[in-house]
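Trainee: If you scroll down you'll find the structure; I have some questions about it.
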Amino acid sequence: MDNTFTPIEARKPPSSAIGPIAWMKESLFSSPVNTLLTVFFAYIIIRFIPPVLDWAFISANWVGTTQDECTKSGACWIFIKQWSGQLLYGSYPEELRWRVNLALIGLVAVVVMQFFLPQHLRRRVGWVSLLVYPLISIWLMYGGLGLETVSTDKWGGFSLNILLAFAGILMSLPIGIIWALGRQSQMPFVKVVCISSIELFRGVPLITILFMGSVMLPLFFPAGVQLDKLMRAFIAITLFQSAYMAEVIRGGLQAIPKGQVEAANSLGLGYWKTMRLIVLPQALKISIPNIVNTFIALFKDTTLVLIIGLFEILSTIQAALQNSNWLGGHHIEGYVFVAFVFWVFCYTMSRISVHIEQKLNTGHSRS
Amino acid sequence: MKKSVLFGLVTAAIFSTNVQADTLEDVKKAGMLKCGVSTGLAGFSQKDEKGNWSGLDVDVCRGVAAAVLGDASKVSYKPLTAKERFTALQSGEIDILSRNTTWTATRDTSLGLNFAGVVYYDGAGFMVNKKLGIDSALKLDGAAACIQAGTSTELAIADYFRENNMKYKVVTFETSDQTRSGFESGRCDFLVSDQSQLYSLRIGLKDPEGAVVLPEVISKEPLGPVVRQGDDKWFNIVKWSLNAMIEGEFQGVTSANADEMAKSGKPGQKRLLGSEGDLGEKLGLSADWAHQIIKQVGNYSESFERNVGMGSALKISRGLNAQWNKGGILYSPAMR
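Sequences listed follow chains G and Y, in order.
Using the working numbering, you'd call the opening residue of the first sequence number 6 and step up by one each time.
Using the working numbering, you'd call the opening residue of the second sequence number 9 and step up by one each time.
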């Protein structure tokens, strides 16, 4: 007797619980309010998306070199195409732009190396590149030592935004750490100096600091002494960013249980050793999301240097709109392009931040 | 009040340190003229796709460079915003400020600066829709005006309408682009702005031919190059470089015929071009200083037409900026 048990085929769930109709019923029309919202957003999408797509792609102008060739009704991307050199590199001499490219590639390489090198090399390479890379990139950008000098008033475009943001974050990290430690110091003088500098620069808008640096500062120098305009902007950005960085790191420091410091003390470690080996590694690790956050904010803030006449990407667009050969009103194309470029970069950075967090996760995460 | 005292003190300090300064020597030593321009104003100082600067204001700098260094291309352009322009000049960051700056009594007397002449006589003007069929600003009674908020134009138009016992409504906008869109969408009957900018706003309209710029100019905005006070030698050089361009047009010397005129022109032309007389020596420059300006940059008319006039997209007519014997007020003092 063949008595083997064969299960009957499972019945499919009723069509009211599965499939597109059920999904729609569940997620889009589950209640009168939801239904209303669905209809409302569907209307918005149908009403606005096709015209935007039509403007940006279908009736856009792609081929040509002058404004007159923008004959179709959509976006005039020729404008962006023709100005792309200026938008990316500013007035940096065309035949030397490979130097900017090399500096940017180096930057990417330094970041990528931190992910793919074997663990034991990572730290050493990291420190070396942190110290060596900035020098190399400044040499590449500015010249000297066998390379043709390119004065900083020729620097511009999006590469200037990137440069200001990375240089700002690189300088503000050590200053921020020192200010944050100083703020918690037992020594009254150090404490007062650190607190007042943090509160001063954090309590003032970046625009004000930039204006001070560009309009007031030169008046206080003796005649004949000039500090490079880009340098002044850089110092202003660094001071501003350091104050924020100090507060971010203070948050990290305060999250470290006191027991860690006491344990270090009982092992006989001094202040600097405690900080370097025990407290800071943990504090910095938990601060990473916030550091990246302030970095993204800084990256977008670099467009503010347009108010002191530096040609970063946004002011290049504004200058391009004032060129008498391009007066046909290409504002929307210009600003959409800038927004797109910034979004791509900021989104990439936030993804990288998530990746770093996962890499450094040592199992203390509470979620 | 306190602020202005502080500012005055600071300015005075800068001013006093610059008394001994010899800008001409500095420029010659550097082999480069540092010229403050705007960050972008169509026809006056604008960048092109290759990063080269051009414009009427830029040509003043190129002219001075040609006169002093013999090469119009030896200019290092420093783009400046409106707020930082005077500081940049006072602190010595630039040698000459040529940035559509209006010559006013206050600026001339209180900033430790000198205006070296007028490159362009600007003033607030009107743009109206052609369909209205208006040919004079005096027929604008009761109309609505599109104005950019916070500009001196607002004051000028208020004065003008009050003087002529006319009424008007104001629609203000934050930026010049918004003002243009407002005009285009019919929120007002006419648009008020500086003449030089009216033309570039007009080009940006969807139908530029549908709008006309009225002939009236209702305020004084003489734009010119500025130098530091206390260096009269440099002040003279900038002043006469500009005059050489204006006189060049008056004498009929162009970039094309300058070489020829220097050899076989009339006495006045020869004196201007340096083949007779010693004007260059008296300025502390080479004899052919003006020759170089006109040959490399052009006379005033050439520069005007190329940058803002009929040879450019702006198509501004000469108007007030024509020579004094052709209906304008452009007049160079005697070149002798």
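We put the beta carbon where it would ideally sit given N, CA and C, even for glycine.
Looking at C-alpha atoms only, which residue of Leu140/Y, Asp56/Y, Val225/Y, Arg236/Y is the closest neighbour of Ser118/Y?
Mentor: Locating residue 118/Y in the second sequence gives position 110, counting from the first residue. Nearest C-alpha to Ser118/Y: Arg236/Y.
Trainee: Which residues share a DSSP beta bridge with Asp215/Y?
Mentor: To locate residue 215/Y, count along the second sequence from 1; it is residue 207. Partner(s): none; Asp215/Y has no beta bridge.
Trainee: Which residues in chain Y have a C-beta closer than 9 Å to the C-beta of Pro294/G? List them in chain order.
Mentor: By one-based count along the first sequence, residue 294/G stands at place 289. Here the premise fails: no neighbours, minimum Cβ distance about 36 Å.
Trainee: What span of residues does the beta strand (DSSP E) with Thr180/Y cover, start to end?
Mentor: Looking up residue 180/Y in the second sequence gives position 172. Start and end: 176–181.
Trainee: Chain G beta carbons: is any one of them nearer than 7 Å to that of Gln358/Y?
Mentor: In the structure as shown, chain Y starts at 9 and stops at 344, and residue 358/Y therefore has no counterpart that could be examined.
Trainee: For chain Y, find out if any of its Cβ atoms is closer than 7 Å to the Cβ of Trp88/G; answer yes or no.
Mentor: For the purposes of this step, residue 88/G is identified with residue 83 of the first sequence, where counting begins at 1. Yes, its Cβ sits closer than 7 Å to a Cβ of chain Y.
Trainee: Have a look at Phe121/G and Gly111/G and give me their C-alpha separation to the nearest angstrom.
Mentor: What you label residue 121/G is simply residue 116 of the first sequence in a count that begins at 1. What you label residue 111/G is simply residue 106 of the first sequence in a count that begins at 1. One C-alpha to the other measures close to 15 Å.
Trainee: Would you kindly work out how many angstroms separate the C-alpha atoms of Ser202/G and Leu289/G, rounded to a whole number?
Mentor: Residue numbering aside, residue 202/G sits at position 197 when the first sequence is read from its first letter. Residue numbering aside, residue 289/G sits at position 284 when the first sequence is read from its first letter. In a straight line, the C-alpha of Ser202/G is about 21 Å away from that of Leu289/G.
Trainee: Which of helix, strand or coil does DSSP assign to Ser46/Y?
Mentor: As a first step, residue 46/Y is located in the second sequence; it is residue number 38 there, counting from the start. Residue state, collapsed to three classes: strand.
Trainee: Examine the ligand ZN and report whether any of its heavy atoms sits within less than 6 Å of the Cβ of Asn298/G.
Mentor: With respect to the ligand ZN, the structure offers nothing, as it holds no ligand at all.
Trainee: Please compile the residues from chain G whose C-beta is within a distance smaller than 9 Å of the C-beta of Gln98/Y.
Mentor: Position 90 of the second sequence, counting from 1, holds the residue named residue 98/Y. Pro223, Leu224, listed in chain order.
Trainee: Whole angstroms is fine: what's the gap from Gln156/Y's alpha carbon to Ala185/G's?
Mentor: Residue mapping note: residue 156/Y aligns to position 148 of the second sequence, counting from 1. Residue mapping note: residue 185/G aligns to position 180 of the first sequence, counting from 1. Using only the alpha carbons, I get a separation of about 46 Å.
Trainee: Using the three-state DSSP reduction, which class does Arg236/Y fall into: helix, strand or coil?
Mentor: As a first step, residue 236/Y is located in the second sequence; it is residue number 228 there, counting from the start. It is a strand residue.
Trainee: Along chain G, which residues have their Cβ under 7 Å away from the Cβ of Thr95/Y?
Mentor: As a first step, residue 95/Y is located in the second sequence; it is residue number 87 there, counting from the start. Result: Val220, Pro223, Leu224.
Trainee: In terms of DSSP beta bridges, what is Asn137/Y paired with?
Mentor: As a first step, residue 137/Y is located in the second sequence; it is residue number 129 there, counting from the start. According to DSSP, Asn137/Y bridges with Ala219/Y.
Trainee: Kindly give me the distance between the Cβ atoms of Ser358/G and Val297/G, rounded to whole angstroms, as I take these residues to be in contact under 8 Å.
Mentor: The residue you call residue 358/G lines up with position 353 of the first sequence. The residue you call residue 297/G lines up with position 292 of the first sequence. Indeed, because the Cβ distance is near 4 Å, the residues count as touching under 8 Å.
Trainee: Against chain Y, with Cβ distances strictly below 7 Å, would Gly162/G count as a contact?
Mentor: Counted from its first residue, the first sequence places residue 162/G at position 157. No, Gly162/G lies away from the interface with chain Y (no Cβ there is under 7 Å from its Cβ).
Trainee: Is the shortest distance between the beta-carbon of Pro87/Y and the beta-carbons of chain G less than 7 Å?
Mentor: Residue 87/Y sits at position 79 when you count from the first residue of the second sequence. Judged by the 7 Å Cβ criterion, Pro87/Y is in contact with chain G.
Trainee: Determine whether the Cβ of Leu332/G lies closer than 7 Å to any Cβ atom of chain Y.
Mentor: Stepping through the first sequence from its first residue, residue 332/G is reached at position 327. So, interface residue.
Trainee: By DSSP, does Ile361/G sit in helix, in strand, or in coil?
Mentor: On the first sequence, position 356 is the one that residue 361/G refers to. DSSP places Ile361/G in helix when its eight states are reduced to three.
Trainee: Could you run through the segment 313–326 of chain G and flag, in chain order, every residue whose CB is less than 9 Å away from some CB of chain Y?
Mentor: The residues in question are Ile313, Gly314, Leu315, Phe316, Ser320, Thr321, Gln323, Ala324, Ala325, Leu326.
Trainee: Return the chain-ordered ranges of every alpha helix (DSSP H) run that is complete within the segment 64–148 of chain G and spans a minimum of 4 residues.
Mentor: Runs of the alpha helix (DSSP H) inside the segment 64–148 of chain G: 82–94, 102–121, 124–147.
Trainee: Can you tell me which of the three DSSP states Thr25/Y falls into?
Mentor: Counted from its first residue, the second sequence places residue 25/Y at position 17. Here the model assigns Thr25/Y a pLDDT of 47, short of 50, so the residue's position is not dependable and the matter cannot be decided.
Trainee: CB-CB under 7 Å to Gln300/Y, same chain, minus the five flanking residues each way: which ones, in chain order?
Mentor: Here residue 300/Y corresponds to residue number 292 of the second sequence, with the count starting at 1. Counting only Cβ-Cβ distances below 7 Å, and skipping sequence neighbours, we find Ala74, Ala75, Gly78.
Trainee: For Ser96/G, go through chain Y and note every residue whose CB falls closer than 7 Å to its CB, in chain order.
Mentor: Mapped onto the first sequence, residue 96/G falls at position 91. Ordered by position in chain Y, the residues that pass the 7 Å Cβ test against Ser96/G are Gly59.
Trainee: In the segment 282–313 of chain Y, which residues sit with their C-beta less than 8 Å from some C-beta in chain G, listed in chain order?
Mentor: Flagged: no residues at all.
Trainee: Alpha carbon to alpha carbon, how far is Arg102/G from Phe194/G?
Mentor: In the first sequence, counting from the first residue as 1, residue 102/G sits at position 97. In the first sequence, counting from the first residue as 1, residue 194/G sits at position 189. When rounded, the distance between both Cα atoms is 48 Å.
Trainee: Of all the CB atoms in chain Y, is at least one closer than 7 Å to the CB of Asn106/G?
Mentor: Working through the first sequence from its first residue, we reach residue 106/G at position 101. Chain Y, which has no Cβ nearer than 7 Å to the Cβ of Asn106/G, makes this no.
Trainee: Using beta-carbon positions only, say whether Leu322/Y and Tyr207/Y come within less than 7 Å of one another.
Mentor: Taking the second sequence and counting its residues from 1, one reaches residue 322/Y at position 314. Taking the second sequence and counting its residues from 1, one reaches residue 207/Y at position 199. Yes.
Trainee: Have a look at the DSSP bridge pairing and note the partners of Asp103/Y.
Mentor: Your numbering for residue 103/Y matches position 95 in the second sequence. Bridge partners of Asp103/Y: none, in fact.
Trainee: For the pair the segment 277–293 of chain G and the segment 316–333 of chain G, tell me if three or more CB-CB distances fall below 8 Å.
Mentor: In short, these stretches do not touch, since the Cβ pair count stays below three.
Trainee: So what does Phe198/Y bridge to, in DSSP terms?
Mentor: By 1-based counting over the second sequence, the position of residue 198/Y is 190. According to DSSP, Phe198/Y bridges with Val136/Y, Ala153/Y.
Trainee: Please name the residue, chosen from Phe225/G, Gln246/G, Phe226/G, that lies closest to Ile214/G on a Cα-to-Cα basis.
Mentor: Position 209 of the first sequence, counted from the first residue, corresponds to residue 214/G. Answer by Cα proximity: Gln246/G.
Trainee: Is the beta carbon of Glu6/Y sitting closer than 7 Å to the one on Gln231/G?
Mentor: Nothing can be reported for residue 6/Y, as the shown portion of chain Y is limited to 9 through 344.
Trainee: Would you mind telling me which residues of chain Y sit closer than 7 Å to Gln287/G, beta carbon to beta carbon, in chain order?
Mentor: In the first sequence, residue 287/G corresponds to position 282, counting from 1. Chain Y residues near Gln287/G: none, gap ~45 Å exceeds 7 Å.
Trainee: By the 10 Å Cβ neighbour count, where 16 or more other Cβ atoms means buried, how is Tyr339/Y classified, buried or exposed?
Mentor: Counted from its first residue, the second sequence places residue 339/Y at position 331. Classification for Tyr339/Y: exposed.
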